[in-house]
Amino acid sequence: NAGVTQTPKFQVLKTGQSMTLQCAQDMNHEYMSWYRQDPGMGLRLIHYSVGAGITDQGEVPNGYNVSRSTTEDFPLRLLSAAPSQTSVYFCASSYGYRSSGANVLTFGAGSRLTVL
Amino acid sequence: DAKTTQPPSMDCAEGRAANLPCNHSTISGNEYVYWYRQIHSQGPQYIIHGLKNNETNEMASLIITEDRKSSTLILPHATLRDTAVYYCIVRVRENTGNQFYFGTGTSLTVIP
Chain A
50 NAGVTQTPKF QVLKTGQSMT LQCAQDMNHE YMSWYRQDPG MGLRLIHYSV
100 GAGITDQGEV PNGYNVSRST TEDFPLRLLS AAPSQTSVYF CASSYGYRSS
150 GANVLTFGAG SRLTVL
Chain B
821 DAKTTQPPSM DCAEGRAANL PCNHSTISGN EYVYWYRQIH SQGPQYIIHG
871 LKNNETNEMA SLIITEDRKS STLILPHATL RDTAVYYCIV RVRENTGNQF
921 YFGTGTSLTV IP
């Protein structure tokens, strides 16, 4: 089992460029999400998805787009990169978001993005 | 909009128990408390979760107060490898499902 796979691990962009961070999971998880982590800020939720075709905004969605065409994949798109988007990005997934039981998140290893 | 409150940092001597507190006074009656840790810049790692009763697994113990407004994660015999940032989180129910909001966590340093 690969778990949650993020690519690329490192990326350097110039201001105004666009790119896509990829996230794939092989656990048939319904719930997937993207977080960003900045120094001293903990993890902040960007976007999330509760199933294929369903996405919604988290705490800090501006400047990012997402789509969920399959259960396995949840790409994060930066439309026009800005230096403020320099951060470490984590993708996470969970099974059974609609249940009243526990939902344990599985995280990817992270993608470190630098915008010059 | 923090859902949980944790001290920013703690120290613990190697071999001693590390007790990490968390306040979650707005937690709903049927929501779990989850604990994760993050070592360096790796992805957060799940530790334990609980609803009402105390829980124990191979990594840690979780003590939840009777009113469920706070909890304590216990690492019974801390090692240097337990140095990490520990996050206490609760699930927030929204229309489309359940969201998990992380705060800044507690940075635990285990001292030799």
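Protein chains in written order, with the working numbering: chain A, 50 to 165; chain B, 821 to 932.
Here a beta-carbon is modelled for each residue, glycine too, at the ideal position from N, C-alpha and C.
Being a predicted model, the structure only gives us computed values, none of them experimental.
* Asked: Helix, strand or coil: how does DSSP classify Asp821/B here?
  -> For the purposes of this step, residue 821/B is identified with residue 1 of the second sequence, where counting begins at 1. In this predicted model, Asp821/B has a pLDDT of only 49, less than 50, meaning its place in the structure is not dependable; the value taken from the coordinates is given anyway. Correct three-state label for Asp821/B: coil.
* In angstroms, rounded to a whole number, what distance separates the CA positions of Asp821/B and Tyr856/B? -> Counted from its first residue, the second sequence places residue 821/B at position 1. Counted from its first residue, the second sequence places residue 856/B at position 36. With a pLDDT of 49 at Asp821/B, under the threshold of 50, the modelled position of that residue is not reliable, and the figure given next carries that caveat. Their backbone Cα atoms lie some 19 Å apart in a straight line.
* To do: Measure from the C-beta of Gly849/B to each C-beta in chain A and report whether the shortest distance is under 8 Å.
  => As a first step, residue 849/B is located in the second sequence; it is residue number 29 there, counting from the start. Not an interface residue.
* Locate the beta strand (DSSP E) running through Tyr854/B, then write down its first and last residues. => Taking the second sequence and counting its residues from 1, the one referred to as residue 854/B is at position 34. Counting along the chain, the beta strand (DSSP E) containing Tyr854/B begins and ends at 853-858.
* **8 Å Cβ cutoff, Tyr138/A in contact with chain B** => Your numbering for residue 138/A matches position 89 in the first sequence. No, Tyr138/A lies away from the interface with chain B (no Cβ there is under 8 Å from its Cβ).
* **CB contact check: Thr924/B to chain A, cutoff 8 Å** => Your numbering for residue 924/B matches position 104 in the second sequence. Chain A contact via Cβ: present.
* **C-alpha distance - Ser891/B paired with Ala151/A, whole-angstrom precision** => As a working mapping, residue 891/B is identified with position 71 in the second sequence. As a working mapping, residue 151/A is identified with position 102 in the first sequence. Straight-line Cα distance between these residues: approximately 17 Å.
* Min CB distance Leu154/A to chain B below 8 Å -> For the purposes of this step, residue 154/A is identified with residue 105 of the first sequence, where counting begins at 1. Leu154/A counts as touching chain B.
* Is the Cβ of Leu125/A closer than 8 Å to any Cβ of chain B? -> Within the first sequence, numbered from 1, the residue matching residue 125/A stands at position 76. No, Leu125/A lies away from the interface with chain B (no Cβ there is under 8 Å from its Cβ).
* Find the nearest neighbour of Ser98/A within the set Leu62/A, His78/A, Leu92/A, judged by alpha-carbon distance. => By one-based count along the first sequence, residue 98/A stands at place 49. The shortest Cα separation from Ser98/A among Leu62/A, His78/A, Leu92/A belongs to His78/A.
* Should Ser845/B be labelled buried (16 or more other beta-carbon atoms within 10 Å of its own) or exposed? -> As a first step, residue 845/B must be located in the second sequence, where it is residue number 25. Ser845/B should be labelled exposed.
* Asked: What is the DSSP secondary structure of Asp887/B, reduced to helix, strand or coil?
  -> In the second sequence, the residue the question calls residue 887/B occupies position 67. It is coil, neither helix nor strand.
* Does Ala73/A get closer than 8 Å to chain B when you measure Cβ to Cβ? -> The sequence position of residue 73/A within the first sequence is 24, counting from 1. Not closer than 8 Å to any Cβ of chain B, the Cβ of Ala73/A fails to qualify, so no.
* State the CB to CB distance for the pair Val905/B and Glu851/B, rounded to an integer number of angstroms; the pair is presumed to be in contact (CB under 8 Å). => Indexing the second sequence from 1 puts residue 905/B at position 85. Indexing the second sequence from 1 puts residue 851/B at position 31. With 8 Å as the limit, Val905/B and Glu851/B do not qualify as a contact, their Cβ atoms being about 22 Å apart.
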